[in-house]
Amino acid sequence: MPLEFEELQGDLFSSPDPTDALAHCVSEDLHMGKGIAVPFKELFGQVDHLRSQRCGPGQVAYLTVPDTDPPRRIFYMITKRRYYDKPTRVDFTSSLRDLRRLCEELGVTTLAIPRIGSGLDRLPKAWVDRQIRDVFEGWDGRIRMYYLE
1 MPLEFEELQG DLFSSPDPTD ALAHCVSEDL HMGKGIAVPF KELFGQVDHL RSQRCGPGQV
61 AYLTVPDTDP PRRIFYMITK RRYYDKPTRV DFTSSLRDLR RLCEELGVTT LAIPRIGSGL
121 DRLPKAWVDR QIRDVFEGWD GRIRMYYLE
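Under full-length UniProt numbering, the first residue of the sequence shown carries the number 1, and numbering increases by one thereafter.
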């Protein structure tokens, strides 16, 4: 089965299946003080555990929510050093590659994401969509990108 990628209007936190993995972009300092990072921090917490993974730009930290079957994964794509920086295209693409690697390693086949990279981070949406499709080409899974507007 080839990659399924679709955009859906709706709330990321109430729309996906409760076992879908979630992913979003954050800074290495894990500040998470604006945008969709705020509800991720409020809902899933464990910032110290994320910090203990010592991930830098281009890498992905993650949490496991054990009270679902299968356990739900929450991925934190590190795309920049500090919360006030903007990601480089190289770091953004590297974090997507690491996300795919982790999905394959952990057996994740369904991923729900916000409009990553193109909101507060200001990367061009068309470029971001192309990177997602290119990096996940051939991945046997589904990515749903949620937006509110």
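We put the beta carbon where it would ideally sit given N, CA and C, even for glycine.
- How about Pro71: is its Cβ closer than 8 angstroms to a heavy atom in the ligand MN? As for the ligand MN, it is missing from this structure, which has no ligand bound.
- Query: Is the segment 82–97 touching the segment 26–40, taking contact as three or more C-beta pairs under 8 angstroms?
  - Reply: yes
- Message: Excluding the 5 residues flanking Arg133 on each side, which residues of the same chain have their C-beta closer than 8 angstroms to its C-beta?
- Response: Leu3, Phe5
- Task: Tell me whether the beta-carbon of Gln46 lies closer than 9 angstroms to the beta-carbon of Leu63.
- Result: yes
- Query: Ordered along the chain, which non-local residues of its own chain (more than five positions away) have a Cβ less than 8 angstroms from that of Leu96?
  - Reply: Met77, Gln131, Ile132, Val135, Phe136
- Query: If you count every other CB in all the chains shown that lies within 10 Å of the CB of Gln59, and 16 or more means buried, which is it?
  - Reply: Buried is the call here.
- Would you list the one or two residues that DSSP bridges to Lys34? Lys34 is not bridged to any residue.
- Starting from Cys25 and walking both ways along the beta strand (DSSP E), at which residues does that stretch end? Start and end: 21–27.
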